[in-house]
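These notes are about the structure you will find just below.
There are 2 protein chains.
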Amino acid sequence: KIPEPTIERLPLYFRCLSEFKKNDVAIVSSEEIAVHTGLKASQFRKDLSYFGEFGIQGLGYPVSHLLDRIAGIMQLNKKHRAALFGAGNLGAALLHYPGFANWGFKFTNVFDNDAEKVGQKLGELTIENIASLPRMLDVSIGILAVPANVADETSRLMVKCGIKAILNFTGTKLSLPEDIVIRNVDLTNELAILIYYLISRG
Amino acid sequence: KIPEPTIERLPLYFRCLSEFKKNDVAIVSSEEIAVHTGLKASQFRKDLSYFGEFGIQGLGYPVSHLLDRIAGIMQLNKKHRAALFGAGNLGAALLHYPGFANWGFKFTNVFDNDAEKVGQKLGELTIENIASLPRMLDVSIGILAVPANVADETSRLMVKCGIKAILNFTGTKLSLPEDIVIRNVDLTNELAILIYYLISRG
Ligand SMILES: NC(=O)c1ccc[n+]([C@@H]2O[C@H](COP(=O)([O-])OP(=O)(O)OC[C@H]3O[C@@H](n4cnc5c(N)ncnc54)[C@H](O)[C@@H]3O)[C@@H](O)[C@H]2O)c1
Ligand SMILES: NC(=O)c1ccc[n+]([C@@H]2O[C@H](COP(=O)([O-])OP(=O)(O)OC[C@H]3O[C@@H](n4cnc5c(N)ncnc54)[C@H](O)[C@@H]3O)[C@@H](O)[C@H]2O)c1
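Chains as they are written, first to last, in the numbering used here: chain A, 125 to 326; chain B, 125 to 326.
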């Protein structure tokens, strides 16, 4: 089993190696990776060791080959379809962001309960009424951007639609079956932690 | 020195205790905290031990007292002024979010370089031209929501304006002086990690 902190660093290595590739760099050392990511060179070598041997002794790491391997591990070459729940400020910002497509990610549905929003366009999609659910959706990922007080019920509805992984922005702990992958992004927490470090440096 | 994972859990305890207080619960056990936050009861006790003695032997933790102590530790009672850099989709969603005010956080300025946006209203603020900087801003926190390719130069400009802490959404590593607190929120990484766990459960 690969430790979670290692998984969390893989996208950073991927982005960093993509920059090297863009600049036609063929081979990099772990020290160069360290400088660009702010992580330790020994950490980079250790993280990669979970996935097999990559470096060429005395030379370094072949950029293209390593990029393909990480893309394979993270399944970045595959297409991932996702549904957005909550067409509010944050939902709209996520839907409009072109960067997600680089990771093979595509929004295919967006749901809301606001009668004034249903039927409107958001990006290339038309906002659907959440009351039309549950039905099986051809998506594996759900983005939860509804108000916190309806987070739980909406997440249970997502699971009834066949969604297996949820990116949860509501700051609420979701109680879902074990097999559902949940990733919590809490912007309020991030701010509170920033303030703590600002004051404690003070 | 308090470990970073402990600091990162404090807002979760604060939110959980606030719920208990709202429901007029006077005393809670660490087990009840564990159920509501999804964290281990032993972790809660260990985290609190860094800040002194809180529990009453055999009774539990007094909710109001503990809330005040955590608010004090996290400086949540103080007002924190912040400037937003980048009045785009994400910046607008952050600025419109009422939840930040609960943590004493207030946007006082918003800067952009788009001539069509400068002078427009965003919430209660008027978008200012970033070309008017540097000047000393009466803010301690900066939110960085500009495109990745101008992240570095914009962050250096923020530091010249007296900003001491930056919440960075650009996914770019910032190279700033040691005394500047940086917190990186990378939504693309979160998505990539979610996909990895979805596939590896596969
Ligand atoms: N905007 C931010 O910067 C920010 C920061 C921290 C946390 N959050 C969290 O992210 C979530 C979204 O925030 P936001 O700023 O976009 O809020 P918002 O109010 O702008 O959007 C919420 C959307 O959800 C819809 N909605 C309400 N009930 C629904 C239901 N039962 N089913 C489907 N849709 C429903 C609303 O009609 C609205 O369009 C919230 O949980 C919020 O606490 C947002
Ligand atoms: N929207 C998302 O869901 C999302 C997801 C992941 C990462 N991000 C990152 O967050 C940041 C903001 O994303 P967004 O979706 O709001 O982008 P956006 O393009 O909607 O907004 C960027 C804003 O920055 C302004 N800007 C450009 N150059 C500037 C400069 N030199 N000085 C000041 N302002 C400048 C633009 O005029 C625009 O208003 C980007 O770095 C993006 O990579 C956003």
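Backbone N, C-alpha and C define an ideal beta-carbon position, used for all residues, glycine too.
The C-beta of Y185/A has 16 or more other C-beta atoms within 10 Å across all chains shown, which makes the residue buried. Residue-level contact by beta carbon holds for D303/A and chain B, with a gap shorter than 8 Å. Taking a beta-carbon distance threshold of 8 Å, N313/A counts as an interface residue toward chain B. In the assembly as shown, R325/A is an exposed residue. Its beta-carbon has fewer than 16 other beta-carbons within 10 Å. Under the three-pair Cβ rule at 8 Å, the segment 132-152 of chain B counts as touching the segment 171-191 of chain B. For R307/B, at least one C-beta of chain A is nearer than 8 Å to its own C-beta. With respect to chain A, the C-beta atom of Y320/B has a partner C-beta closer than 8 Å. At least one heavy atom of ligand 1 lies less than 7 Å from the C-beta of G223/B. In the structure shown, N292/B falls within a strand segment according to DSSP collapsed to helix, strand and coil. In the DSSP assignment, V305/B falls within the beta strand (DSSP E) that extends over V305 to N308.
At the C-beta level, R205/B and L318/A stay beyond 8 Å of one another. Collapsing the DSSP output to three states places R259/A in coil.
DSSP places L268/B in the uninterrupted beta strand (DSSP E) bounded by I265 to L268.
Per DSSP, the beta bridge partners of A206/A are F231/A and I265/A. Residue range N213 to H220 is occupied by the alpha helix (DSSP H) that includes N213/A. The C-beta distance from P135/B to N313/A rounds to 4 Å, short enough to fall under 8 Å. When the beta-carbon positions are compared, I287/B and A207/B come within less than 8 Å of each other. W227/B is not a Cβ neighbour of A269/A, given a cutoff of 8 Å. Rounded to the nearest whole angstrom, the C-alpha separation of D171/B and L218/B is 30 Å.
The beta carbon of G176/A sits closer than 6 Å to no other beta carbon from its chain once the five residues preceding and following it are set aside. N237/A is positioned such that its CB atom lies closer than 8 Å to that of I254/A.
Exclusion of the five residues before and after V152/A leaves F144, G184, Y185 and V187 as the residues of its chain whose Cβ lies within less than 7 Å of its Cβ.
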